[in-house]
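> Numbering (my numbering), first residue to last: 1350 to 1564. Sharing a structure here in structure tokens format.
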Amino acid sequence: MKLGILVSGRGSNLQAIVDAIESGKLPCSISIVISDREKAYALERCKKHHIPHVVIKRKDFGNVQDFEEELIRSLKEAQVDLVVLAGFMRILSAHFIRAFPMKIINIHPSLTPAFVGKDAQKQALEYGSKITGCTVHLVTEELDSGPVIVQACVPVLPDDTEETLSERILAYEHRVLPQAIRWMAEGRVKVEGRKVQVIGAKYGTLPVNPQLEVF
Ligand code: GRF
């Protein structure tokens, strides 16, 4: 399966995908990485691993539609089978989403539908949640709330700051995102309305024990 990965920043989730591919755990190739920010560290990771990459910036286009047309054009040209939003900090329009129906997934740092949108970890802390986590979901027209493929729970500890909680959640993001992509590549993800069934998978969650293997 050919992946098109959209990023905006650090790219640690991109790195988790690259590591899973390079260690033979993920039967995929990355056809293109697109960043909407020139300075995204994710681009350095692409250079290091010889991954095709391109910068497409919103401000180089007169309107959002033209910007998204260029994203769509690049992804189609790279013949991607799955679009992965891995820390892409823009909301995509219905037009973009309809160009890849049920072929776009996103990683979000909360247990959706709780704490959608920006600063999900801060929202969980401010709410006083005792547990939060991360979600990989199919992208539909509702923000951060498409059908859930896999989630992982992460406890909120009494002394947590936004940074410590984000870091703890991130370690789980790096496990569930390659897992969900692998399920998609294996054709095991069946979607009916809001519900996702992963054929043959025992769990749709990861246990809190970080020692357990994902794959
Ligand atoms: C992650 O927390 C992801 O869940 C969110 O943005 C962050 C991206 O991190 N959507 P990275 O760029 O993958 O390191």
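Where is the CB? At the ideal position from N, CA and C, for every residue including glycine. Just so you know, these numbers come straight off a predicted model, no measurement behind them.
1. Just mark aspartate 1409 as buried or exposed, buried being the case when its beta carbon has 16 or more other beta carbons within 10 Å.
2. Under the DSSP definition of a beta bridge, which residues are partnered with cysteine 1502?
3. Rounded to the nearest angstrom, how far is the Cβ of isoleucine 1498 from that of valine 1545, given a contact under 8 Å?
4. Report the rounded CA-to-CA distance for leucine 1392 versus proline 1527, giving the unit in angstroms.
5. CB-CB under 8 Å to histidine 1486, same chain, minus the five flanking residues each way: which ones, in chain order?
6. Output yes or no for whether 8 Å exceeds the beta carbon distance between leucine 1434 and leucine 1519.
7. Can you name the start and end residues of the alpha helix (DSSP H) that lysine 1397 belongs to?
8. Closest to alanine 1430 by CA distance: which of Cys1377, Ser1357, Glu1512 is it?
9. Using a Cβ distance threshold of 8 Å, determine whether the region 1501–1518 contacts the region 1463–1478, with at least three qualifying pairs required.
10. By the three-class DSSP mapping on this structure, what secondary structure does glutamine 1546 have?
11. In or out: asparagine 1412 buried (at least 16 other Cβ within 10 Å) or exposed?
12. Between Lys1388, Glu1491, Gln1364, which has its C-alpha nearest isoleucine 1336's C-alpha?
13. Three-state secondary structure (DSSP) at serine 1357?
14. Pick helix, strand or coil for threonine 1513, following the three-state DSSP scheme.
15. At a cut-off of 7 Å, would you count cysteine 1395 as near ligand 1, judging by its Cβ distance to the nearest heavy atom?
16. Compare the C-alpha of arginine 1531 against each of Val1465, Ile1366, Gly1353 and name the closest.
17. Between the Cα of valine 1505 and those of Arg1359, Ser1372, Thr1481, Ile1421, spot the shortest distance and give me the residue it belongs to.
18. Less than 6 Å between C-beta atoms, sequence neighbours within five positions excluded: which residues of the same chain meet that for phenylalanine 1464?
19. Checking 8 Å against the spacing of the C-beta atoms, do tyrosine 1521 and alanine 1501 come in under that value?
20. To the nearest angstrom, how far is the alpha carbon of leucine 1375 from that of alanine 1369?
21. Starting from serine 1648, follow the alpha helix (DSSP H) in both directions and report where the run begins and ends.
For this structure:
1. Reading the sequence shown from its first residue, position 60 is the one you call residue 1409. It is exposed - the Cβ of aspartate 1409 has fewer than 16 other Cβ atoms within 10 Å.
2. Counting from 1 along the sequence shown, the entry for residue 1502 is found at position 153. BP columns for cysteine 1502 point to Gly1482.
3. For the purposes of this step, residue 1498 is taken as the residue at position 149 of the sequence shown. For the purposes of this step, residue 1545 is taken as the residue at position 196 of the sequence shown. At roughly 5 Å, the Cβ-Cβ gap stays under 8 Å, so isoleucine 1498 and valine 1545 are in contact.
4. For the purposes of this step, residue 1392 is identified with residue 43 of the sequence shown, where counting begins at 1. For the purposes of this step, residue 1527 is identified with residue 178 of the sequence shown, where counting begins at 1. Roughly 19 Å between the two C-alpha positions.
5. Within the sequence shown, numbered from 1, the residue matching residue 1486 stands at position 137. Excluding positions up to five away in sequence, the list reads Ile1454, Asn1455, His1457, Thr1461, Asp1493, Ser1494, Gly1495, Pro1496, Val1497, Ile1498.
6. For the purposes of this step, residue 1434 is taken as the residue at position 85 of the sequence shown. For the purposes of this step, residue 1519 is taken as the residue at position 170 of the sequence shown. No; because the gap between Cβ atoms is not below 8 Å, this pair is not in contact.
7. Mapped onto the sequence shown, residue 1397 falls at position 48. Here the alpha helix (DSSP H) through lysine 1397 covers 1390–1397.
8. On the sequence shown, residue 1430 is found 81 positions in, with the first residue counted as 1. The amino acid occupying residue 1430 in the given sequence is aspartate; alanine does not appear at that position. Nearest neighbour of aspartate 1430 by Cα position, chosen from Cys1377, Ser1357, Glu1512, turns out to be Cys1377.
9. Judged by Cβ distances under 8 Å, the region 1501–1518 makes contact with the region 1463–1478, as three or more pairs qualify.
10. Reading the sequence shown from its first residue, position 197 is the one you call residue 1546. Correct three-state label for glutamine 1546: strand.
11. Here residue 1412 is taken as the residue at index 63 of the sequence shown, counted from 1. Exposed, since its Cβ has fewer than 16 Cβ neighbours within 10 Å.
12. Absent from the model: residue 1336. The displayed extent of the chain is 1350 to 1564, so no value can be given.
13. As a first step, residue 1357 must be located in the sequence shown, where it is residue number 8. Of the three classes helix, strand and coil, the one that applies to serine 1357 here is coil, per DSSP.
14. Here the question's residue 1513 lines up with position 164 in the sequence shown. Three-state DSSP puts threonine 1513 in a helix.
15. Counting from 1 along the sequence shown, the entry for residue 1395 is found at position 46. Not so, every heavy atom of ligand 1 lies at least 7 Å from the Cβ.
16. Counting from one through the sequence shown, the residue named residue 1531 turns up at place 182. It is Ile1366.
17. Translated into the one-based positions of the sequence shown, residue 1505 becomes position 156. Distance from the Cα of valine 1505 is smallest, within the candidate group Arg1359, Ser1372, Thr1481, Ile1421, for Thr1481.
18. The residue given as residue 1464 occupies position 115 in the sequence shown. Taken in chain order, the residues that qualify are Gln1472, Ala1473.
19. Position 172 of the sequence shown holds residue 1521. Position 152 of the sequence shown holds residue 1501. Cβ atoms of tyrosine 1521 and alanine 1501: closer than 8 Å.
20. Position 26 of the sequence shown, counting from 1, holds the residue named residue 1375. Position 20 of the sequence shown, counting from 1, holds the residue named residue 1369. So the two alpha carbons sit approximately 5 Å from each other.
21. Any answer about residue 1648 is impossible in this case: the structure gives the chain only from 1350 up to 1564.
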